[in-house]
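Everything in the sequence shown is counted per our numbering, starting at 6 for the first residue and increasing by one.
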Amino acid sequence: MPIPSPLFDPGPIIERILAGTIWSPHFPLRRTERLAQLSPKDEPIPRAGGLYRIHREGGQPVLAYVGHSSSLRRRINELATGVYGERMPFSTPHVAAPALWAWAKTPPYAPLTLSFVSFDANTYWQQGLQHLIIAFERGQRRKQASLAEQAGNILYSPLAQYGKMPHGWSPSSTRTVGERGEPTMVAGQWHVPSIAPVSILDDQQDAFSDGWGGHEWSDWCYAREVPMHGKQKGLYRLRMQDSSHLWYVGCGQIASAARGAACTSPALLFSAVMGTWTRSEQEELRTDLLGLYMCQRKRPPLVQHGGLENDPAGKLLHQSDDACSTERGE
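Here you go:
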């Protein structure tokens, strides 16, 4: 598991993300089309790590996916191979490939493009900045919705994030399961509209406060004191008594999360907010909180994304979440 590098300073990258000045120009996702537009025909995508965005072009480009990778060129070309194949690809090796394949075949057949930024940082920082980018974009959509006559039509999240699919398609499974997506008239959980953000990135409330991120959090208590029964779901946060940082932000079944935290360390403090949110809505709201934390503290929570040297703790908490697909995919 990666250890956060003390030498990496995310501050300048965060500033450029919020200013919108960090991204490369848009290039075609398909490699042959990309190289055909360039002179000399040199591949612009570096082999180095960083972040990338996929866009659905048209009158106004729509953000379709935000990802990260230790090798941008490998990951993007791998994704394009699946997106432009004859059959809908499996969700492995790339979780967004089925949705992007379906969007490429959905009228008005808008082309897919990409933009990227390359920097030297491990997965801990890449995933933290990925959450910030998605939270920022969701916040921009929220501002648009406040001015729109029909806010319900706003697409708050990227089209292919959180397992979403365009209407009329079911998704493929993993390659191991071996089930291909297909046209469908049945609405599934992957067609649920994205939920509007609750938090805003300029929220001044501290991450330990009971109103952080626009939610009404429960009082802090030791995780071992949380009732270990019930099926209520929602968002939760963890911290150590003497720490100035959050330890972890998760989502899923609250009793299961508290049990996992108590098994990890008897000193962990637990606070949660319950809701009737769907699985994808929990993921979206957690992303907003993690993006907010990056803005406020200039780092992810301590063991998020396998951070620090406490690998077993991060792994156990990750497994206790039943809604973590955003973290598991690049």
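Cβ atoms here follow ideal geometry from the backbone N, Cα and C, with glycine treated the same way.
Which of helix, strand or coil DSSP assigns to residue i
i	result
R244	strand
I50	coil
Y227	strand
F13	coil
H99	coil
V67	strand
F275	strand
R78	helix
Q132	helix
F141	helix
Y114	coil
Y161	coil
R21	helix
D208	coil
R92	coil
K148	helix
E314	The predicted position of E314 is uncertain, since its pLDDT is 49 and thus under 50; no value can be drawn from it.
H196	helix
R264	helix
G216	coil
R180	coil
D125	coil
Q42	coil
T86	helix
R291	helix
G235	coil
G280	coil
Pair within 7 Å by beta-carbon distance, residue i and residue j
i	j	result
G218	L294	yes
T26	H136	no
G55	F13	no
L307	H250	yes
I22	I139	no
A102	G87	yes
T97	R180	yes
I205	G144	yes
R78	I59	no
W28	V122	yes
L243	A212	no
A85	R35	yes
S199	G186	no
V203	S285	no
Local Cβ density within 10 Å of residue i, reported as buried at 16 or more and exposed below that
i	result
P30	exposed
E48	exposed
Y241	buried
K169	buried
C226	exposed
H172	exposed
G64	exposed
Y114	exposed
L43	exposed
D208	buried
K238	buried
H73	buried
E20	exposed
A228	buried
T37	exposed
A24	exposed
In DSSP terms, what residue i is bridged to
i	result
S120	R58
G255	Y241
M190	For M190, which the question treats as bridged, DSSP gives no partner whatsoever.
W174	P188
G72	Y57
F32	L119
Chain B within 7 Å of residue i, Cβ atoms only
i	result
L56	In summary, chain B is missing from the structure at hand, where a single protein chain is found.
Exercise for the section: Examine the Cβ distances between the region 64-72 and the region 158-173 and report whether three or more of them are shorter than 8 Å. Expected result: Proximity of the region 64-72 to the region 158-173 meets the contact definition, three or more beta-carbon pairs being nearer than 8 Å.
Problem - the region 280-288 touching the region 296-312, judged by at least three CB pairs closer than 8 Å - result: These segments do not touch.
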